[in-house]
Amino acid sequence: MADSNAQLEALKDAARSYQSRIQLASTKDEALNLAIDAADSLMQATKLSHDPQEVKDLKAQCSAIITAATNIKSSQNWKPAPPLSLVHDKGKNADIDRWAADVAKSVEPTTTHEFPRSVRSKSPSHNAGLLVSTMKTTTPAMNGQVSAPITKGNSSPALSAYENAQYVVGSQGVRKVDGHSGNGGFGGHGGVGERGGLGGLGDLGGLDDFSEGGVELGNTDDQHFSRPGTDIQGNPAKASSASNALHGKSETTVRRLKEPVSTREMAKKEQIILLRASVVNGFKFKPWDKPPTSEEFALEGDGLFVDKRDLALSPYQMQFFSGWERATKALPPASLFPNNRNGLGPVMGASRTIDLVQDAATDCSVVASLCAAIARAERGHDQMLSNMISPFDKNLGKPVLSANGRYIVRLNFNGCWRKVEIDDRLPVSSSHRLLHVIDRKNPALLWPALLEKAYLKVRGGYDFPGSNSCSDLWTFTGWIPEQIYLQETDTVPSQLWKRVYKAFLYGDVLVTVGTGKMSTKQERELGLEGQHSYVVLDMKETDHDRLILVKNPWVEGKGWRGPRPITAPVVNTSTSSASTSRSVEVYNMESVPSKDRPHPTTFWISLDHVIQHFESLYLNWNPGLFHNRQDIHFEWGIESQESSNDCIVNNPQFAFHTREKDVVFLLLNRHLRGNSGGPRDESDAFLDGTARPESQVGSSGELLKGFMSIYVCDGRGERLYIKKTYRECGPYVNTTQSLLRWYSDPDSTYTIVIDQDELPASKYTFTLSAFSNSAITLEPAVRTYPHQKVERGEWTTRTAGGSTSSPRYFENPQYSLEVHTRCDLAIMLNSKHAHPMHVKLTLGFGKRMYKLQSRDVFADSEEHRARCVFAEAKDVPPGLYTIVCSLFEADKTGDFELWVDSTSPVSLKQIPRDGAGLIPRTLAKAVFGAQMHKLAANLHPHRLASYTIVARFLQATSPRSRNLSMLARSPFRLSLECGRGPRRKFLMTSERGEYSDSTIVRSDPVTLVPGVEKDQIHLVLERLSSPGGPIEEWYEVEIFTDAPQDAYSVGVWREWDD
1 MADSNAQLEA LKDAARSYQS RIQLASTKDE ALNLAIDAAD SLMQATKLSH
51 DPQEVKDLKA QCSAIITAAT NIKSSQNWKP APPLSLVHDK GKNADIDRWA
101 ADVAKSVEPT TTHEFPRSVR SKSPSHNAGL LVSTMKTTTP AMNGQVSAPI
151 TKGNSSPALS AYENAQYVVG SQGVRKVDGH SGNGGFGGHG GVGERGGLGG
201 LGDLGGLDDF SEGGVELGNT DDQHFSRPGT DIQGNPAKAS SASNALHGKS
251 ETTVRRLKEP VSTREMAKKE QIILLRASVV NGFKFKPWDK PPTSEEFALE
301 GDGLFVDKRD LALSPYQMQF FSGWERATKA LPPASLFPNN RNGLGPVMGA
351 SRTIDLVQDA ATDCSVVASL CAAIARAERG HDQMLSNMIS PFDKNLGKPV
401 LSANGRYIVR LNFNGCWRKV EIDDRLPVSS SHRLLHVIDR KNPALLWPAL
451 LEKAYLKVRG GYDFPGSNSC SDLWTFTGWI PEQIYLQETD TVPSQLWKRV
501 YKAFLYGDVL VTVGTGKMST KQERELGLEG QHSYVVLDMK ETDHDRLILV
551 KNPWVEGKGW RGPRPITAPV VNTSTSSAST SRSVEVYNME SVPSKDRPHP
601 TTFWISLDHV IQHFESLYLN WNPGLFHNRQ DIHFEWGIES QESSNDCIVN
651 NPQFAFHTRE KDVVFLLLNR HLRGNSGGPR DESDAFLDGT ARPESQVGSS
701 GELLKGFMSI YVCDGRGERL YIKKTYRECG PYVNTTQSLL RWYSDPDSTY
751 TIVIDQDELP ASKYTFTLSA FSNSAITLEP AVRTYPHQKV ERGEWTTRTA
801 GGSTSSPRYF ENPQYSLEVH TRCDLAIMLN SKHAHPMHVK LTLGFGKRMY
851 KLQSRDVFAD SEEHRARCVF AEAKDVPPGL YTIVCSLFEA DKTGDFELWV
901 DSTSPVSLKQ IPRDGAGLIP RTLAKAVFGA QMHKLAANLH PHRLASYTIV
951 ARFLQATSPR SRNLSMLARS PFRLSLECGR GPRRKFLMTS ERGEYSDSTI
1001 VRSDPVTLVP GVEKDQIHLV LERLSSPGGP IEEWYEVEIF TDAPQDAYSV
1051 GVWREWDD
């Protein structure tokens, strides 16, 4: 059997070799003989193959070559292609690729078969977007599908030694496995048909109620390609091309949607923010302005380019690290060819389906991201990754090898697309373990390793433990990231599938999944890795199930051990046309368990099991689904790391206006910073607060604490003070991106508030991006109150009087506010402590308040809240007012800030506390017995002094209950009296002689001179006790004087009558 397989592969290799030389033939007869030899080799191969599908493919290829031979024979204008020396020298591989693009022109088609025609391939075999010569056949279609065209890819000699072998990297080393390639080296595939609308984006999941009238979300203006798709409710659009595309009835190339660009003019400050954000981890990444020129990659006298410093590796990786080697020595890995690597080297094109894996690298999310974008291209869509690398040949449609070892990668981070300059040196292992991403089927493929290196340079080094895939794909592609927490109670499987599935078919969303922390037992039983990223390669819907094709990108990873869906397809027909089915078939074949691989690392799994066992679903949406985009860049200095509170006056706020009712995506992106040579745990580029594996990790230190979120408020674009009410709120996430999806009303203006929770104290920079199909604007929020007064104060043991129910309420700090002209006021009291606070604006004429009735309150903050309270008053007339700042509990201490913002200038100053500058003296408690109504104490002045006396109700008691509460108190009054009976004279009374039901009464200042009064002076406390009232009442009396305490003496309390 082994000899038979080897002979089969040899015949297939010979056929490919003959075919690749047809257009290089010097004469027509030589070309015809080569075509006949190729057909003969394929016929012999059909006799050796035991795979019915492979036999069918070989026969189709043979038929196509016979047709090609007929075309060559009947051609009247055959001429050989120009010699290689006439093609501009870009290396051996580039020459052959150039020939592949040109040879098609040497034959005139004489039949409808049109052999050969030069087309731009979207296939996995030409993931870099190569131009290939395609032989198109008219073999009968199976299952209503058009037969796949047969193509010949890049036949670079550098690939000839291993293009038909699969290399498995594992714990036992790197070994070569002979077998059938997914496309046998022939892989030209067309694409899915045109698509339109927002696809799955329209159904926001939970926002279906907003889709009244079936609002069409398709791109309709001339700047976008027409895409028949779905409406807001997920129903198919009327156009038929999308339906044909989904069922493989069209070979129309999927055209790339035009991505919207922000049209708002950046302020100078924003431009400075972007320039400052260029420095990350000691490297400078300039904003992308134009593609690099070819001169930047030319080899000059300085020799090969070397980056200014090497990237860091983790201690685990250093166990295998041998050194940094140029790509010419690093690829293909030496462990594949230990004896002879002559003629082998890196290439930029792949002749087989790309199969990326990670080994000793810990960047699972990065590799999963690369796999997701590549899988999209293999389903027939446009390239997303390889065209980000320069030098890039537009004619070949792929990157090319750099002469001087310099590459420039275009990545999206810190507010814009940026240039990331790298050299081609890769970390080489001293063993079979690999320290960079590798393509198992095309181990010489260079550009994925370059993309990985560029990204890891931004994120801090090869010891980067991974973040989440949607964040990585945002950097690679600029597609809008969204993280869905599958374990949340509001996750509805049917709604989730509806929103994602059709968009996935259209190629408008990239999907990856991630697990959370798992025990060793769970990992073993389920065949999943804890805290690991997986890529979704395909999705399929049956009558009974919703299936997802998942790949574990770790080369030594586990395979799913849970139940395999009964309806899991072997050959896929769900998401690809006939021209791309071969590529996806490779994935399906790899997911089929075998004797050697009972649990393959590529597996079909039901949606229900994904929701049950995975923690997060990561989505990246095509920004081309939206017509309009607006970006704004800003800075936010956070002074202390603390939990979120209701105060948002210092938070970044923006005015957002939308013209029509439409879906809106708001994306908040926190810029990476990093430190050059500093601690890892202080680098935002390295630590983004995401999960860390518990093994094989470098010195990552502690997780970055802190979360951020987006609020949408009905604030009319004006700055808000507190989070009292809001329209929409995104989840608080500890990643560098936060997305909020919502539905706007027509012709509406909102206030967008950025909030954080426990972010470390520092100065951060952000970018807020808004996407919509409606016309939108995004600008800084308008400040409603242009004038501001700020006073700082504190509650001490003497001034912390508590709430209005406390007898000491009026001891709280009070402020005099003078309003000069009629205006609106915003009063905010904020503090760093967690004691509940309250603020009142009262009609106190700018003086200290000692009693308070509801009619005296002009505005207040309603409930007691911690850290921030807010009161707003409209149309306040000119005059003097008193502001009272209080805590809910008495005797609690702490500082605070009082802000008074206004539409016109006002004056604000603190009122001295009660007894300020005076000497206080607290008397013994005055206790009324059951039948007592009046108490008195003798007062003997010894020297001239001014007296201010304050009495406070404390409590009411009885034998049945020790506390009848303060609501049962009696009205009372305080007085200074001289004499008794008819000779009684009042020297002072509280409340003008009236009884007060307040908890505190206070006298006006009175001056007493020794010896002036002939009769004894008495301090009298009198109450009105009602029937059924309290039996005993307790009061506290305090005397304030401007003289030392020996200036007077006071007797004891005793029952008193007139």
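In this text, residue positions in the sequence shown follow UniProt numbering: the first is 1, and each later residue adds one. Even glycine gets a Cβ: it sits at the ideal position worked out from N, Cα and C.
- Pairing Y618 with P481, the inter-Cα distance amounts to about 7 Å.
- DSSP, reduced to helix, strand and coil, places Q531 outside both helices and strands of the structure shown, so it counts as coil.
- Between A871 and I827, the gap from beta carbon to beta carbon is short of 8 Å.
- S748 has its alpha-carbon roughly 8 Å from the corresponding atom of R716.
- Under DSSP, W560 takes part in no beta bridge, so it has no partner.
- Here the alpha carbons of V857 and A937 stand approximately 36 Å from one another.
- Sequence-distant partners of W497 (beyond 5 residues in either direction) whose C-beta falls short of 8 Å from its own C-beta, in its chain, are E541, R546, L607.
- For A368, the uninterrupted alpha helix (DSSP H) run begins and ends at 364 to 378, by DSSP.
- DSSP places F634 in the uninterrupted beta strand (DSSP E) bounded by 628 to 638.
- As computed with DSSP, R952 is found in a beta bridge with I1000, E1036.
- Short of 6 Å from the beta carbon of F1040, and not among the five residues preceding or following it, lie these beta carbons of its own chain, in chain order: G915, L918, P920, T948.
- E872 has A826 as its beta-bridge partners, per DSSP.
- Apart from sequence neighbours up to five positions away, the residues of its chain that approach R341 with a beta-carbon distance below 8 Å are P332, A334, ordered along the chain.
- When the beta-carbon positions are compared, N734 and G706 come within less than 8 Å of each other.
- Residues H942 of the same chain have their beta carbon placed closer than 7 Å to that of D1046, with the five preceding and five following residues left out of the count.
- Between the stretch 383 to 390 and the stretch 526 to 535, the count of C-beta pairs closer than 8 Å stays below three; the two stretches do not touch.
- Straight across, the Cα-Cα distance linking M384 with C713 is about 36 Å.
- A residue is called buried once 16 or more other Cβ atoms fall within 10 Å of its Cβ, and R499 is buried on that count.
- H657 is the residue among H657, K789, L768 whose C-alpha sits nearest the C-alpha of Y743.
- Taken in chain order, the complete beta strand (DSSP E) segments of 3 or more residues contained in the stretch 251 to 325 are 321 to 325.
- A direct Cα-Cα distance of roughly 41 Å separates Y881 from D1058.
- Taken atom to atom, the span from the alpha-carbon of V649 to that of C868 is near 10 Å.
- Using a Cβ distance threshold of 8 Å, A926 and Y809 do not count as a contacting pair.
- Within the same chain, R867, C868 come within 6 Å of N645 by CB-CB distance, once the 5 residues on both sides are set aside.
- When secondary structure is reduced to three states using DSSP, Q522 falls in the helix class.
- Contact check between the stretch 419 to 431 and the stretch 398 to 408: three or more CB pairs, one atom from each, fall below 8 Å, which counts as touching.
- By the Cβ test, the stretch 508 to 516 is not in contact with the stretch 345 to 352, since fewer than three Cβ pairs between them sit closer than 8 Å.
- Excluding sequence positions up to five before and after D745, its CB lies within less than 8 Å of the CB of T658, K661, all in the same chain and listed in chain order.
- If you check the CB distance, P982 and R1023 do not come in under 8 Å.
- I710 carries a strand assignment under DSSP once its states are collapsed to helix, strand and coil.
- The beta carbons of V555 and Q358 sit closer together than 8 Å.
- By alpha-carbon distance to Q487, the top candidate from T842, G466, K59, G514 is G514.
- Residue burial annotation: D490 is exposed, with fewer than 16 other C-beta atoms found within 10 angstroms of its C-beta.
- DSSP, read as helix, strand or coil, puts A930 in coil.
- Residue range 836 to 842 is occupied by the beta strand (DSSP E) that includes H838.
- Leaving aside the five residues that flank A312 on each side, the residues in its chain whose CB is nearer than 6 Å to its CB run, in chain order, G461, D463.
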